[in-house]
Amino acid sequence: MKLRILPALLVLLPFLSMAQLSIKGRVIDAQTAVPLQGAHLNLNNRLVKTTTDEKGMFEITNLKPGNHKLKITYMGYENWSAVFELATNRTMIISMEPAAILTEEAIIHATRAGEKTPVAFQNLSASEISKNNQGRDIPFLLEQMPATVVTSDAGTGVGYTGIRIRGTDMNRINITVNGIPLNDAESHSVFWVNMPDFASSVGSLQVQRGVGTSTNGASAFGASINLLTEAPANEAFGEITNAAGSFNTMRHSVQAGTGLINEKWAMDARLSKLSSDGYINRAFSDLKSFYVSGGYYGTNTILKLNIFSGKEITYQAWDGVPSYILKEDRTYNGIGMYTDHLGQTKFYENETDNYQQDHYQAMLSQRLGGNLTGNFALHYTKGFGYYEQFKDDADLTEYLIAPVAIPGNDTSFITESDLIRRKYLDNDFYGFTWSLNYEKEKLSLIAGGSGNRYEGLHFGEVIWAEFAQTAGYNHRWYEGTGDKKDLNVFAKARFQANKKLSLYGDLQLRGIQYKLDGRDDDQRVITQSHDFLFFNPKAGIHYSIHKNASLYLGFAVASREPNRDNYTDADPTKPGPVAETLFDYELGYNYSDESVKASVNVYFMDYKNQLVLTGAINDVGAAIMTNVPVSYRAGIELSTALKITDKLQTSANLTLSSNKIWDFTEYVDDWDNWGSQIENEIGTTNIAFSPNAIAGAAISWAFAKGFDATINGKYVSKQYIDNTSSDERSLDPYFVSNLRLSWSVEPKFMRGLELSANINNLFNTEYETNAWIYRYYSEGSYGVYDGYFPQAGINYMLGLTIKL
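Those letters in the sequence shown? Residues 1 to 804, by the working numbering.
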């Protein structure tokens, strides 16, 4: 019987193999050859679950011989279709022509750098963002970029996080979403904790290092981050993501979209929840967010409305770990600690930060003529929240509470009491942005600008006190306001002088009016007014050596006003803070072909009156700063990416820099002579938190169909935590490595299924990424208060994404 079956199988084998044919292909832009990720495939008038991956690749299997009709659609491109006879497995390269319609990129065209803009920049696509998105904040998505260092208060990348680029912190990095300013108008910072899982709604981002091109909002005083929210998918979709990991970290996200309805209308939505206990003791995070976007996408018009919101409750961890405790207890958190009446040490359970931020954006892009496009946006951001603190034995008079009389004793009074206080921030930020873009063969012209107003109310209330009969319910002990108006206009031009040489010019005028009124929490009157008018010119050239290599040279000026803390924390006995100016010189070389990408960038950033760290912090962990007349940052940035095979790729970057203050004087509080300071002439010194070497590397291997592995590493050299260049006050150099494994499959009953495993800090390195220090002089010697921010040891995150 077996002998009869075998010949039968041999006869049927050719026919069985004919039923297992496949089509493989790569979809690219017909003009630039850039792969198109996310293109939708329709075979024989039925939607295929497969979409093109980040390399533009696709594969359709289990096809029968015969005629087949393949149609491919991608927003912003003309539809592609073909009918062909399939007799054997087929491989093809499909070039799609850009359509003469507006796309999402029109929204941020005025503020992004292009291929021939003479600045150092790097783009991240939606697929690259999605691949590395563990639910941690956006700074951690950028960790592998050149000259970049990230930090986390809780040590896990969830909660309060920060980023420095070229040693420049969050207060000096311009950040926009769809060209709309995101930086807080008073602090100049961005608090990513207010936007949990926002990366899941980002379609692309661009990081410009240095001053970059003119943009809206806060000054780019070392870098800018330009975010574009996601474009609608062509087809309806649903996506569910669940992840769990170390420190009880959980991520849950649901996304859905209608696709393009009648090829013109679309709506997308996302709902997310993240939580974590944190690496640092009690540094938990409870974060929620949503994103809703709807719009009309016509041939000549895009009208889009975005609403997104984030709500955070985090236990405070912004004091760090004191140096004398660090070696014994890296997870120590002293915030909320008090001693009860029995002498026992306890921690206040609700020592939390609570804040909600709601964003509303209405955007219009309109083709006004053959070569002219206009953009206009209205925006409004509402923020409200507070942080709560327990204070034991607090002086009642500091809270404007009268001493409490002791019953039966007219001469004795209670002057101290345990109490709970809240410090509130209630703010409104609103305005508009606009731009006109003109494109012709050799000439590109852009005019744009924005007008914004911020109104903020800062106040504090005592919500409970053990002894406070003279105070009312929610007793308010201080109140201050901030009112800031910001108007800017810019004009950019790029002229293609010949086939190789491109000239660039960029002029910006920015006016600011800032008024503070009322009192700070220590009852100091903060009423003051400041007006600024900044002119920020930029110019450069781009030279194409050949089709794969180019050079650029750029010069740019940036001006920056002091922020609220610079004014309120300033020593009233000394001259107040003044505006800063940066002169940025950039020289770069780029090379790119199908297998290799490489760039070299040399920069010199010359500062006048740069605000630098004194080493001290205020009561919420924000750094106190002072102007220095002359300082600079100079360095070289090297980066490369190599495609070894279709399955194996590697990348690396290295930044070497020198960051100096020419003549620095350290001021140390003299506790032996209250109100006076000791001056130490340091001379030329290193700028704090500016490592001389930063390096990163990654290797990605698609070792089997659907399987992918990526390992990366990051090295950061020694960082000083103040400007004295003392090794005793520095962060040790560190190297940290992460591993990501993923497996994806496309079952017949859904679009896709993906499992991922992330192992962070693979080698369990003990390291710190941030710190603060306050020095004082007492009884003949120096003392310090300090806090270091350790990051978690080896930890993991496992994720499951279901695509419907």
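Even for Gly, the Cβ is constructed at its ideal location relative to N, Cα and C.
Taking 8 Å as the cut-off, the Cβ atoms of D584 and V211 count as close. In this structure, V150 sits away from I694, with a CB-CB distance that is not shorter than 8 Å. The three-state reading of DSSP puts S201 in helix, counting H, G and I together. Bridge partners of S365 according to DSSP: I302, N375. Close CB contacts of M57 within its chain, under the 6 Å cut and outside five residues either way in sequence, are with R26 (chain order).
Leaving aside the five residues that flank N194 on each side, the residues in its chain whose CB is nearer than 7 Å to its CB run, in chain order, G310, E312, Y355, Q357. Using a Cβ distance threshold of 8 Å, Y567 and E586 do not count as a contacting pair. Among the bridge pairs identified by DSSP, G799 is matched with A243, S756. In the DSSP assignment, S658 forms a beta bridge with A634.
Between the alpha carbons of I446 and N371 lies a gap of roughly 12 Å.
Taking Y399 as the centre and dropping the five residues before and after it, the same chain places the C-beta of V462, W477 closer than 6 Å to its C-beta, in chain order. Beyond the five residues adjoining it in sequence on each side, M250 comes within less than 6 Å, by CB distance, of A244, S275 in the same chain, given in chain order. By the neighbour-count definition (other C-beta atoms within 10 Å, threshold 16), E679 is an exposed residue. Residue range 138 to 141 is occupied by the alpha helix (DSSP H) that includes F140, with no beta strand (DSSP E) assigned at that position. Here the C-alpha atom of E681 lies approximately 33 Å from the C-alpha atom of L654. For N350, the number of other beta carbons within 10 angstroms of its own is below 16, and it is reported as exposed. The C-beta distance from R421 to Q389 rounds to 6 Å, short enough to meet the 8 Å contact threshold. For I72, no alpha helix (DSSP H) run applies; the uninterrupted beta strand (DSSP E) run containing it begins and ends at 66 to 73, by DSSP. Shown here, R330 sits in coil according to DSSP, grouped into three states, outside any helix or strand.
Straight through space, the alpha carbons of G278 and Q791 are spaced by roughly 10 Å.
Runs of the alpha helix (DSSP H) lying entirely within the region 656 to 740 and spanning at least 4 residues: none are present. When the five nearest sequence neighbours on each side are left out, the beta carbons in the same chain lying within less than 7 Å of the beta carbon of D517 are those of G480, T481, T527, in order along the chain. K574 counts as exposed, since fewer than 16 other C-beta atoms from the protein chains shown sit within 10 angstroms of its C-beta. Secondary structure within the region 446 to 523: the beta strand (DSSP E) runs of 3 or more consecutive residues, fully enclosed, are 475 to 496, 501 to 518 (chain order).
In the DSSP assignment, T568 falls outside any beta strand (DSSP E) and within the unbroken alpha helix (DSSP H) covering 564 to 568.
Burial of H40 is indicated by the presence of at least 16 other C-beta atoms within 10 angstroms of its C-beta. Ranking P691, I180, G257 by CA distance to the CA of K714 puts P691 first. A Cβ-Cβ distance of about 6 Å is found for the pair I661 and N723, placing them in contact under the 8 Å criterion.
Within the same chain, S676, Q677, I678, Y777 come within 7 Å of D670 by CB-CB distance, once the 5 residues on both sides are set aside.
Contact between Y74 and L43 is ruled out by a C-beta separation of about 16 Å, above the 8 Å threshold. Note on the region 520 to 589: whole beta strand (DSSP E) runs with a minimum of 3 residues are 528 to 546, 549 to 560, in chain order. By the neighbour-count definition (other C-beta atoms within 10 Å, threshold 16), P65 is an exposed residue. Under the criterion of beta carbons closer than 8 Å, N333 and N248 do not qualify as touching, at roughly 16 Å. Between Y552 and G588, the C-beta gap is smaller than 8 Å, which places the two residues in contact. One alpha carbon belongs to I711, the other to I759, and they sit about 9 Å apart. In the three-state reduction of the DSSP assignment, L804 falls in the coil class.
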